[in-house]
Amino acid sequence: MLSKRIIPCLDVRAGKLTKGIKFKGNVDIGDPVEAAREYYEQGADEIVFYDITASSDKRDIMIDVVRRVAETIFIPFSVGGGIRNLEDMRRVILAGAEKVSVNSAAVDNPKIITEGAKAFGSQCVVLGMDVKKVEVTGKISSGYEIVIHGGRIFTGMDALWWAKEAENLGAGEICLNSIDADGMQTGYELTLTKMISENVTIPVIASGGAGKPEHLAQVLTEGKADAALIASMVHYRTYTIEEIKQYLTEQKIQTRMFW
Amino acid sequence: MIAIIDYNAGNITSVARALQNIGQDFVITDDTKRLDMASRVIFPGVGAAGEAMAYLREKKLDDWLKKYIKTGKPLLGICLGTQIILDYSEENDTKCIGLVAGSTKRFPDKLTSDGQLLKIPQMGWNSVKLRRSHPVFENVSPEAEFYFVHSYYPAPSDEAAVLGTTDYGIIFSSVLAKDNLVAMQFHPEKSGRPGLQILKNFCTWEGQCLMKL
Chain A
1 MLSKRIIPCL DVRAGKLTKG IKFKGNVDIG DPVEAAREYY EQGADEIVFY DITASSDKRD
61 IMIDVVRRVA ETIFIPFSVG GGIRNLEDMR RVILAGAEKV SVNSAAVDNP KIITEGAKAF
121 GSQCVVLGMD VKKVEVTGKI SSGYEIVIHG GRIFTGMDAL WWAKEAENLG AGEICLNSID
181 ADGMQTGYEL TLTKMISENV TIPVIASGGA GKPEHLAQVL TEGKADAALI ASMVHYRTYT
241 IEEIKQYLTE QKIQTRMFW
Chain B
1001 MIAIIDYNAG NITSVARALQ NIGQDFVITD DTKRLDMASR VIFPGVGAAG EAMAYLREKK
1061 LDDWLKKYIK TGKPLLGICL GTQIILDYSE ENDTKCIGLV AGSTKRFPDK LTSDGQLLKI
1121 PQMGWNSVKL RRSHPVFENV SPEAEFYFVH SYYPAPSDEA AVLGTTDYGI IFSSVLAKDN
1181 LVAMQFHPEK SGRPGLQILK NFCTWEGQCL MKL
């Protein structure tokens, strides 16, 4: 049967990792390509790069990173952050990424999902959703609202509605990030993840809140997620991906244990 | 020389990079004259059957493949390249190349496993159960998993053409093999070390099956 995927997420700014990542025997590594290689060796099922470069003139550096990553690791990886149009998507895909994730660009212009799916196939287009828990209203009937710009701007869009809409528009996957849980390391937003995952037929990657292997076990069972994104818990070497997978295997959760 | 058929269907560069990694020279081309000179051919592909077949017909690559397979030289199909070597695909109601008898079908809606509703596309890592040994799967552990991403699956009518199967709510034929042809639904170029091993094996395979079909 299909394995649940464990996906480390690397934040990159102007071609460098934004957080020092410590591996066995190594000092901080600033190179995202090295870090990707290390996670590939550790058994990551996929890797997500998030480009947080602020100025657009430095974006070309990311394309070079993507190219070098594609020469180094032979598992799927996706790139998000700063993707505004079809041309941005094309550049990332031609450089070697399997998938591109769009977030605020899709909120501004939902057609980018359809156009991307038509040009590169649905499997290439990931909708990134940043979500905050809010009061249930007529407009936000699920009680979860889509936010953009790191949670600073509320869009007035209901998260559940947007997930279904993105699926209809042609998104191949959803990366669902809870802004409330993000960085807290106290566990994923299970209610949100379960709600979204049960209401779309495309795979859902849970993001935000992972601090220990138990959290992944919860979101992959109770939360009904197809994959789990992790960051700090592996970047700071609290756990290795292999340790996490071993724990999941003990919990009878199917993951890829041979690589 | 290995040739990768370029037919405007998705990310051929990932196959190219995997070949580079295992130190294999190759050309990427849609020119039948250059393809004629190849000693083995990879037929990859991501995308939809309808558009892919339209492009192949325009470039006369469908006829070329039918001729090529008779030369006895090895052919490797990957993903969409595997689906459209069958006679027909339900995707866009498409007549396909027909190197292997059978069709490509869509996963039924509401597939379940242990009571859980399964997502379509199947996206991620799954295992393959081989029915017999094959040179292209030499030194590949039965525990290995491979990266799949698809909503349609190959359903050959000839059971003898099924080399391996995968369980995704239904058991489907994930690897086909017939004489000098081997074709897989998953992406070896994205399946880590076991995937690279398959590509390496293909690069030295002379096109014979151990068991005569």
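Top to bottom, those sequences are chains A and B.
Using the working numbering, the first residue of the first sequence is number 1, and each one after it goes up by one.
Using the working numbering, the first residue of the second sequence is number 1001, and each one after it goes up by one.
The beta-carbon is built from N, C-alpha and C at its ideal position, and this holds for glycine as well.
No experiment lies behind these values; they were computed from the predicted model shown.
Run through DSSP, which three-state label would residue i get?
| i | result |
| --- | --- |
| leucine 1181 of chain B | strand |
| proline 1135 of chain B | helix |
| isoleucine 61 of chain A | helix |
| methionine 157 of chain A | strand |
| leucine 1099 of chain B | coil |
| proline 1154 of chain B | strand |
| tyrosine 1088 of chain B | strand |
| arginine 1093 of chain B | What sits at residue 1093 of chain B in the sequence shown is aspartate, not arginine. Three-state result, aspartate 1093 of chain B: helix. |
| lysine 1168 of chain B | The residue you asked about is not lysine; residue 1168 of chain B is tyrosine in the sequence shown. Of the three classes helix, strand and coil, the one that applies to tyrosine 1168 of chain B here is strand, per DSSP. |
| glutamine 1020 of chain B | helix |
| leucine 1111 of chain B | coil |
| valine 1128 of chain B | coil |
| proline 1121 of chain B | coil |
| cysteine 175 of chain A | strand |
| cysteine 9 of chain A | strand |
By how many angstroms is the C-alpha of residue j removed from the C-alpha of residue i?
| i | j | result |
| --- | --- | --- |
| lysine 132 of chain A | methionine 233 of chain A | 22 Å |
| glutamine 123 of chain A | lysine 212 of chain A | 29 Å |
| lysine 1066 of chain B | glutamate 1058 of chain B | 15 Å |
| alanine 1052 of chain B | arginine 237 of chain A | 45 Å |
| threonine 1071 of chain B | histidine 1187 of chain B | 25 Å |
| asparagine 1092 of chain B | alanine 1054 of chain B | 11 Å |
| threonine 72 of chain A | valine 136 of chain A | 47 Å |
| tyrosine 239 of chain A | tryptophan 161 of chain A | 36 Å |
| isoleucine 1170 of chain B | glutamine 1208 of chain B | 30 Å |
| valine 1015 of chain B | glycine 156 of chain A | 43 Å |
| leucine 1076 of chain B | glutamate 1143 of chain B | 22 Å |
| histidine 149 of chain A | serine 104 of chain A | 7 Å |
| threonine 18 of chain A | alanine 95 of chain A | 22 Å |
| glycine 25 of chain A | glycine 1192 of chain B | Bear in mind that a pLDDT of 42 at glycine 25 of chain A, under 50, signals an unreliable position, so the model cannot answer this. |
| serine 207 of chain A | aspartate 182 of chain A | 8 Å |
| tyrosine 1018 of chain B | proline 1194 of chain B | The question names tyrosine, but residue 1018 of chain B is alanine in the sequence shown. About 12 Å. |
| lysine 245 of chain A | glutamate 189 of chain A | 20 Å |
Please confirm whether residue i and residue j have their CB atoms less than 8 Å apart.
| i | j | result |
| --- | --- | --- |
| serine 101 of chain A | cysteine 175 of chain A | yes |
| isoleucine 75 of chain A | lysine 1190 of chain B | yes |
| tryptophan 1125 of chain B | aspartate 45 of chain A | yes |
| valine 125 of chain A | glycine 187 of chain A | no |
| alanine 1003 of chain B | threonine 1029 of chain B | yes |
| aspartate 12 of chain A | isoleucine 63 of chain A | The question names aspartate, but residue 12 of chain A in the sequence shown is valine. It is not a contact, given that the beta carbons lie outside the stated cut-off. |
| threonine 1104 of chain B | proline 1154 of chain B | yes |
| valine 147 of chain A | isoleucine 179 of chain A | yes |
| isoleucine 1022 of chain B | leucine 1130 of chain B | no |
| proline 1108 of chain B | histidine 1150 of chain B | no |
| valine 92 of chain A | valine 107 of chain A | no |
| valine 1128 of chain B | valine 1182 of chain B | no |
Rounded C-beta distance between residue i and residue j? I'm assuming under 8 Å.
| i | j | result |
| --- | --- | --- |
| cysteine 1096 of chain B | glutamine 1185 of chain B | Going by Cβ atoms, the distance from cysteine 1096 of chain B to glutamine 1185 of chain B rounds to 15 Å, so no, they are not a contact pair. |
| glycine 128 of chain A | asparagine 177 of chain A | 7 Å |
Beta-carbon of residue i versus every beta-carbon of chain C: anything under 8 Å?
| i | result |
| --- | --- |
| lysine 1119 of chain B | Here the protein chains are A and B, and chain C is not one of them. |
Just checking, does the region 221 to 237 of chain A make contact with the region 185 to 196 of chain A on the three C-beta pairs under 8 Å criterion?
Because the criterion of three Cβ pairs below 8 Å is met, the region 221 to 237 of chain A and the region 185 to 196 of chain A touch.
The region 136 to 143 of chain A / the region 164 to 175 of chain A touching (three or more Cβ pairs under 8 Å)
With contact defined as three or more Cβ pairs closer than 8 Å, the region 136 to 143 of chain A and the region 164 to 175 of chain A are not in contact.
Quick check: the region 1039 to 1048 of chain B against the region 1157 to 1167 of chain B, are at least 3 beta-carbon pairs closer than 8 Å?
Touching, no, given that fewer than three Cβ pairs across the two stretches are closer than 8 Å.
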